[in-house]
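Q:
Residue numbers (UniProt numbering), protein chains in the order written: chain W, 1 to 361; chain G, 1 to 331.
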C-alpha cells in the first residue's frame, strides 16, 4: 500500500484552482472580469454564515461576563472558515460529529441560533434540552451528533456512524471535527487505522489551531506535520489554509467527492487559530501577543470581505444589512432564551434511560 | 441444531450463547457482531465458531486490537440504526474502552436531551478461576453497575445464556452482558422454550426458608453446591440469582430476606466498594427489621488475582466459604 498524499507542500496546494482564482481576483481588483453572480451570491452566503458565528460568540462573551451563561465556554472566534467551509461539502444526509468548541459547527450545520442560545442558558428549548450546555449541542434531525468534551472521544463514534451508513449503502459521509490535541490521543490513531482498514466514508477534519489548550503543537508532537502522519494510515491527507473559507470549501468538496466515490477516509489538516483564549477561564499566558496579532491579520472574515470588495461583490451597505439582520436574529435568540422555561426539578431523571424518555425502540 | 426443538437436549453455556448469536443474526439484518477474533478464529473462547461461515465478514467482523475504536464504532453504528453486538475479550480489556462506554454509550441519551438512544449490546468475559493471573481474571461488572444509563446483566444459567441476548437487543439503551469464563463449559439441559426472558428480575434458583444466598454469574454454581451442603446439615438456603446487576431487583431481594431473615451475599469482585456492598446496603435500608442477624459477605480477597493455583483458589469465594458464612449468619 502506498502512502497517498495527493497535494503535498504548502497550505494552498490543497485547492490549486481556487488559489489561482483568488490571486487573480486580488490582483485584478476592479478591472477584473465581470462579477459572477452565482459565485458572488455563494460568497455572500459564506460570509453571512461566518458572521453569524462571530456575532453569536461575541454575544456569548457578553452574556458570560453578565453571568447569564456559565460552565465552560470555548470560543471559535478566528476559526469560522473551517466550520463554514467544511459544511459546504456536506449534505443533509451526511453526519457530523463535533467537539467541545462547537458553536460554529452547530450554527454552520443549520441549528438555529435560538436553539443553541437556549442551550447555553440551560433551558428546555435548547437543542439538548438544557442537559448539555455549550460543550454538548445535539440535533438528531440534522444528523448533528454533537459535541464530545473528551478530546478524541467523538472519533470512534464517527467511525461507527460511517460504518452503519457504509453497511447499508447509504452513500453518505460522516465528518468528524477534532483538533491537534486529539491527534495525540490513542483514539485518533485507532480510528484512523480502523477507518482506513474498513474503507469507511469518513472525513477526518483536523482543526489544527496550534494549541492543545495551553500546549503548543511543537511541545506536544515530535513530528508536527499532522497531514503527513495521517497519510501513513493509507488515506489521502493534506493541509489546507484554514483561514480561507473558499480554500477550505474546495478541499472539503474534493475530500467528500473522493469519499463518496468509495476511496475511503480522507484527512484534512485545517490550519487555523483561535483569537480568544482556550475558554473563558483561560488567562492566555502561554501565547505571544504578537503571534495573536499576526493571525488576526489573517482573519477569515476580513479576508473574504476584502476579496468580495475587490471583486465588486459587496458594498458597505450590503455588509451593514447582513450584520443588522444577524444582530436582530441574535437579539431574538437571546430574548427567547431568557423567556424560555427551565426544566422542572421533577424531570431530573428524564432521559437517563429510554424508559424515562418515552423512546420506543 | 435448530433453535426451535421441542424436546430437551444436552448443551453447554458456550453453545447456548452461540445459538443466541446465530438467532439474532438470522432474525434481524441490522444485527452484526464485531470484536477481536470473533470471525476467523471463532472467538477467543470459541463462542462465535462457525458464524463467519454462515454470515460473512461484514456481519461477523474481526477488528484490530483497538477496544476504544471498535466499541465507539458500535455506539456510532447503533446511533445510525444498526443493532451491533460488540465482543470484548475480557473485562480487564474493556478498561481500554471505558471512555466510550461511560462518556458516550451511557451518556449520549441524557446529554442530548433524549434525542440519541444507543441500542448497543456489549458482551465480555469476566471472572477468575482459570489461572490467568492479574490481567485476565477480575470481576469489574460492579464498576459498570455503578453507571446510570446502561443495563448490566450476568447470565448464569444455560437458559439465560441462550435467551438474554435477544431481549438485550430489544432494549433501546446499552446493555452489557458479563459472561463468567468458568461457565462456558458448563453443560446442562437445553429446554425447548423460546419465550423471551426479561432483564428486570432476579430469579430464585433454589427456594429455601432459613437463609438467602444472593449471588450472580460465576458464583451461582458454587452457591447451589453450598445450598446442597447446608441442606444436608438441616439449613434451608434460598439461592437468589440477581441476573440483572443494574438495575437491581430490590423487590426480589427484599422478598427473599423477608422469608428467610438471614442473608449472605456472594460476589467474586473485591469486597470494598463492591456490588455485594451495594446489595448489603439495600438490605440494610429496606429490610433491616426483617433481619435476625448481620448480613454476611463472601468476596474475593483484596489482591490482584494470582497465578498459582493454590493462591488463586484461596483468593476466590469457594463453596466452603459460603457454607461458613451461612453458619455465621444463622448461628
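Don't be surprised by glycine CBs; every beta carbon is placed ideally from N, CA and C.
Only counting the same chain, and skipping five residues up and downstream in sequence, which positions put a Cβ closer than 7 Å to that of residue 385/W?
A: For residue 385/W there is no data in the structure shown, the boundaries of chain W being 1 and 361.
Q: If you run the structure through DSSP and keep just helix, strand and coil, what is residue 104/G?
A: The residue given as residue 104/G occupies position 104 in the second chain. If DSSP states are grouped into helix, strand and coil, residue 104/G belongs with the helices.
Q: Among 175/G, 165/G, 190/G, 207/G, which one has its Cα closest to the Cα of residue 196/G?
A: Walking along the second chain from the start, residue 196/G turns up at place 196. Answer by Cα proximity: 165/G.
Q: Consult DSSP for residue 28/W and reduce its assignment to one of helix, strand or coil.
A: Counting from 1 along the first chain, the entry for residue 28/W is found at position 28. Low confidence applies here, because residue 28/W scores a pLDDT of 40, under 50, leaving its location unreliable and the question unanswered by this model.
Q: Could you please tell me which residues of the stretch 99-124 of chain G, in chain order, have their CB closer than 7 Å to any CB of chain W?
A: Result list: 99, 100, 103, 104, 109, 110, 111, 112, 113, 114, 115, 116, 117, 119.
Q: With 16 as the cutoff for other CB atoms within 10 Å, does residue 390/G come out buried or exposed?
A: Residue 390/G lies beyond the range of chain G shown here (1 to 331); nothing can be said about it.
Q: I'd like the list of long-range same chain contacts for residue 117/G, defined as Cβ closer than 7 Å, with 5 residues on each side in sequence excluded.
A: For the purposes of this step, residue 117/G is taken as residue 117 along the second chain, with counting starting at 1. Cβ neighbours of residue 117/G beyond the five flanking positions: 109, 172, 173.
Q: Residue ranges of each beta strand (DSSP E) run of no fewer than 3 residues wholly in the stretch 110-182 of chain W, ordered along the chain?
A: As far as the stretch 110-182 of chain W is concerned, its whole beta strand (DSSP E) runs of at least 3 residues are 144-147, 174-179.
Q: What residues in the stretch 223-235 of chain W have a beta carbon less than 7 Å from any beta carbon of chain G?
A: Listed by position along the chain: nothing, the set is empty.
Q: Just curious, the beta strand (DSSP E) that residue 289/W is in, first and last residue?
A: Counting from 1 along the first chain, the entry for residue 289/W is found at position 289. Unbroken run through residue 289/W is the alpha helix (DSSP H), 289-296; no beta strand (DSSP E).
Q: For chain G, is any of its Cβ atoms less than 8 Å away from the one on residue 352/W?
A: Residue mapping note: residue 352/W aligns to position 352 of the first chain, counting from 1. Cβ-Cβ to chain G under 8 Å: yes for residue 352/W.
Q: Restricting to runs no shorter than 4 residues, where is the alpha helix (DSSP H) found entirely within the stretch 41-91 of chain W?
A: With a minimum length of 4 residues, the continuous alpha helix (DSSP H) runs that stay inside the stretch 41-91 of chain W are 80-87.
Q: Quick one: grab the DSSP three-state call for residue 241/G.
A: By one-based count along the second chain, residue 241/G stands at place 241. Residue state, collapsed to three classes: strand.
Q: State the beta-bridge partners of residue 103/W as determined by DSSP.
A: To locate residue 103/W, count along the first chain from 1; it is residue 103. None; residue 103/W has no bridge partner.
Q: Taking only the alpha-carbon atoms, compute the straight-line gap between residue 131/W and residue 70/W and give it to the nearest angstrom.
A: Taking the first chain and counting its residues from 1, one reaches residue 131/W at position 131. Taking the first chain and counting its residues from 1, one reaches residue 70/W at position 70. Cα to Cα, residue 131/W sits roughly 13 Å from residue 70/W.
Q: Quick check: the Cα distance between residue 14/G and residue 124/G, rounded to an integer number of angstroms?
A: If you number the second chain from 1, residue 14/G lands on position 14. If you number the second chain from 1, residue 124/G lands on position 124. Approximately 13 Å, taken between the alpha carbons.
Q: Just mark residue 37/W as buried or exposed, buried being the case when its beta carbon has 16 or more other beta carbons within 10 Å.
A: Here residue 37/W corresponds to residue number 37 of the first chain, with the count starting at 1. Classification of residue 37/W: exposed, given that the 10 Å Cβ count is below 16.
Q: Terminal residues of the continuous beta strand (DSSP E) containing residue 126/G?
A: The residue labelled residue 126/G in the question sits at position 126 within the second chain. Start and end: 121-126.
Q: Looking at chain W, is there any beta carbon in it that lies within less than 8 Å of the beta carbon of residue 148/G?
A: Along the second chain, one-based indexing puts residue 148/G at 148. Taking Cβ atoms only, chain W reaches closer than 8 Å to residue 148/G, which makes this a yes.
Q: Note down, in chain order, each residue of its chain lying with its Cβ closer than 7 Å to the Cβ of residue 327/W, except the 5 sequence neighbours on either side.
A: Locating residue 327/W in the first chain gives position 327, counting from the first residue. Closer than 7 Å at the Cβ level, and outside the excluded window around residue 327/W, lie 55.
Q: DSSP three-state label for residue 198/W, please.
A: The residue labelled residue 198/W in the question sits at position 198 within the first chain. Residue state, collapsed to three classes: coil.
Q: Output, in chain order, the set of chain W residues within a Cβ distance shorter than 9 Å of residue 70/G.
A: Locating residue 70/G in the second chain gives position 70, where the first residue counts as 1. Those within 9 Å of residue 70/G in chain W are 156, 159, 160, 190, 194.
Q: Identify the residues that DSSP records as bridge partners of residue 267/W: which are they?
A: For the purposes of this step, residue 267/W is taken as the residue at position 267 of the first chain. Looking at the DSSP assignment, residue 267/W forms a beta bridge with 204/W, 237/W.
Q: Let's test the definition: count the other Cβ atoms within 10 Å of the Cβ of residue 349/W and tell me whether it reaches 16, buried, or not, exposed.
A: Sequence index remark: in the first chain, residue 349/W carries index 349 (1-based). Classification of residue 349/W: exposed, given that the 10 Å Cβ count is below 16.
Q: Please report the distance separating the alpha-carbon of residue 186/W from that of residue 233/W.
A: If you number the first chain from 1, residue 186/W lands on position 186. If you number the first chain from 1, residue 233/W lands on position 233. So the alpha carbons of these two residues sit roughly 14 Å apart.
Q: Examine chain G for any beta-carbon lying closer than 8 Å to the beta-carbon of residue 167/W, and answer yes or no.
A: Position 167 of the first chain, counted from the first residue, corresponds to residue 167/W. Residue 167/W counts as touching chain G.
Q: Would you say residue 164/G reaches chain W, if we count a Cβ-Cβ gap shorter than 8 Å as a contact?
A: In the second chain, the residue the question calls residue 164/G occupies position 164. No, its Cβ sits nowhere closer than 8 Å to a Cβ of chain W.
Q: Less than 8 Å between CB atoms is the rule here; does residue 81/W satisfy it with respect to chain G?
A: The count along the first chain starts at 1 and reaches residue 81/W at position 81. Judged by the 8 Å Cβ criterion, residue 81/W is not in contact with chain G.
Q: The beta strand (DSSP E) with residue 89/G in it runs from where to where?
A: Taking the first residue of the second chain as position 1, residue 89/G is located at position 89. Element bounds for residue 89/G: 83-90.
Q: Express the C-alpha separation of residue 214/G and residue 23/G in angstroms, rounding to a whole number.
A: Within the second chain, residue 23/G is the residue found at index 23, counting from 1. Within the second chain, residue 214/G is the residue found at index 214, counting from 1. Distance between the alpha carbons of residue 23/G and residue 214/G: 31 Å.
Q: Within a Cβ cutoff of 7 Å, which residues of the same chain sit near residue 65/G, ignoring the five residues on either side of it in sequence?
A: As a position in the second chain, residue 65/G is number 65, starting the count at 1. Excluding sequence neighbours, residue 65/G sits near 36.
Q: Between residue 27/G and chain W, is there a C-beta pair that is closer than 8 Å?
A: Residue numbering aside, residue 27/G sits at position 27 when the second chain is read from its first letter. Cβ-Cβ to chain W under 8 Å: no for residue 27/G.
Q: Can you give the Cα-Cα distance for residue 213/W and residue 278/W, rounded to whole angstroms?
A: In the first chain, counting from the first residue as 1, residue 213/W sits at position 213. In the first chain, counting from the first residue as 1, residue 278/W sits at position 278. Looking at the two C-alpha atoms, the distance is approximately 6 Å.
Q: Indicate whether residue 72/W and residue 135/W have their beta-carbon atoms separated by less than 8 Å.
A: By one-based count along the first chain, residue 72/W stands at place 72. By one-based count along the first chain, residue 135/W stands at place 135. For residue 72/W and residue 135/W, yes; Cβs fall inside 8 Å.
Q: Is the beta carbon of residue 209/W less than 8 Å from the beta carbon of residue 263/W?
A: Numbered from 1 along the first chain, position 209 holds the residue referred to as residue 209/W. Numbered from 1 along the first chain, position 263 holds the residue referred to as residue 263/W. Contact flag unset, no.
Q: Between residue 187/W and chain G, is any beta-carbon pair separated by less than 8 Å?
A: Numbered from its first residue, the first chain carries residue 187/W at position 187. Yes, residue 187/W lies at the interface with chain G (some Cβ there is under 8 Å from its Cβ).
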